[in-house]
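Novice: In terms of full-length UniProt numbering, the sequence shown has 135 at position 135, counting the first letter as 1, and numbering is strictly consecutive.
C-beta: ideal position from N, C-alpha, C; glycine also.
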Amino acid sequence: MSRSSSASSPAAVVTGGTRGIGRTIAARLAAAGYRVLTCGRHDPGDLPAGVAFHRADVREPEQAAALVAAAADGFGRLDLAVNNAGGGPPVPAATASPNLVTAVVRLNLLAPFFVAQAANAVMQAQDTGGLIVNIGSVSALRPAPGTAAYAAAKGGLEVLTRALALEWAPKVRVNTVTAGVVRTDDNTAHYGDEDALAAVAATVPLGRMATPDDIADAVLLFTSPLAGYVTGASLLVDGGGQLPRYSDTARPDR
């Protein structure tokens, strides 16, 4: 990636920004004036305007560091790193293989750590410091059956956020967006037809699943000067959580 001529514009890295939530975050940041570099293990073919691509598997520390270096060298600075890459298949804890557990933890906890370390090294050397935003999950707070490794990794990410915020202040702020159930192509395939998706949405107090834009909005909130004193925080974006099982009796109007 060649050095951008818009050196005065802020610069960001978004991991896993070629599809789903990450793609929307990258696009929204670009629309807000950021120069954005995203990554993936495979070339996506097309990306939103203002978003560049660097091939990387951020589970590997050397590749995570190379991604951050590519952004810092190409943009001349790095103001924001969004650790979005994550996920994992639902598997019963009793039968989850060691390889699967290791892979899920590497992607959802170790990869954000590697990217954050590299980003911090760049940001600490800048007069303006920087911001790291981790994309977490309500699985860290309310794990579902079949998500033991994923939930444990996301729980670790919440603690990691607070630990890094302590160590890297005052130059670098570190926060988490803790996402609820988000309607993406992957979740649509997981839950099934529209009736199943409607049933999931009905369990949320706000009456709908989150959209990728809802998560991107939360990232943008952290980038606002109004959040300049916020670090080590977790912003819960889950539409109010889940209605308790007795809610239909307690609230017959629903």
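1) Using 10 angstroms around the beta-carbon of Val159, count the other beta-carbons present and answer buried if the total reaches 16, otherwise exposed.
2) Going straight from the alpha carbon of Thr223 to that of Val13, what length do you get?
3) On a CA-only basis, which of Arg28, Gly50, Val36, Gly16 is nearest Asp43? Give me that one, please.
4) Counting only the same chain and skipping the five closest in sequence on each side, list residues whose C-beta sits under 8 Å from that of Leu235.
5) Are the C-beta atoms of Ser137 and some chain C residue less than 7 Å apart?
6) Taking the DSSP output, what are the residues bridged to Ala81?
7) Helix or strand or just coil, what does DSSP make of Ser137?
8) Could you tell me which residues DSSP puts in a beta bridge with Asn99?
9) Buried or exposed, going by whether 16 or more other CB atoms sit within 10 Å of the CB of Arg142?
10) Let me know if Arg245 comes out buried or exposed under the rule of 16 or more other beta-carbons within 10 Å of its beta-carbon.
11) Nearest to Ala144 by CA position, among Val237, Ala85, Ala165, Ala93, is which residue?
12) Give the straight-line distance between the Cα atoms of Gly207 and Gly146, rounded to the nearest whole angstrom.
13) Could you tell me the alpha carbon to alpha carbon distance between Ser4 and Val51, rounded to whole angstroms?
14) Does the separation of the CB atoms of Ala71 and Gln63 fall below 7 Å?
15) Have a look at Gly129 and Arg77 and give me their C-alpha separation to the nearest angstrom.
16) What's the call for Gly33, buried or exposed, on a 16-neighbour Cβ count within 10 Å?
17) In the DSSP assignment, the beta strand (DSSP E) including residue 259 goes from what residue to what residue?
18) If you drop the 5 nearest sequence neighbours on each side, which residues of the same chain put their C-beta closer than 6 Å to that of Ala65?
19) In chain order, what residues of the same chain lie with their CB nearer than 7 Å to the CB of Pro61, ignoring the 5 residues before and after it?
20) Could you check the C-alpha separation between Asp213 and Ile21 for me, to the nearest Å?
21) Please report the residue range of the beta strand (DSSP E) in which Gly40 lies.
22) Taking DSSP as the reference, what is the three-state secondary structure of Ala94?
23) Is the beta carbon of Val36 closer than 7 Å to that of Ala26?
24) Quick one, are the C-beta atoms of Asn134 and Leu157 less than 7 Å apart?
25) Determine the direct distance from the alpha carbon of Ala149 to that of Ala163, and round the result to whole angstroms.
Specialist: Walking through what the data contain:
1) exposed
2) 13 Å
3) Gly16
4) Asn175, Thr176, Val177, Thr178, Ala218, Leu221, Phe222
5) No chain C appears in the structure shown, which is made up of a single protein chain.
6) Val13, Ile132
7) DSSP places Ser137 in the strand class (E or B) of the three-state scheme.
8) According to DSSP, which records beta bridges pairwise, Asn99 is partnered with nothing at all.
9) exposed
10) exposed
11) Ala93
12) 25 Å
13) The predicted model places Ser4 with a pLDDT of 47, which falls under 50 and marks its position as unreliable, so this point remains unresolved.
14) No, the pair does not count as a contact, with Cβ atoms beyond the cut-off.
15) 10 Å
16) exposed
17) Residue numbering for the chain in the displayed model covers 1 to 254; residue 259 lies beyond these limits and cannot be assessed.
18) Ala118
19) Phe114
20) So the two alpha carbons sit approximately 8 Å from each other.
21) 35 to 40
22) In the three-state reduction of the DSSP assignment, Ala94 falls in the coil class, being assigned neither a helical nor a strand state.
23) yes
24) yes
25) 21 Å
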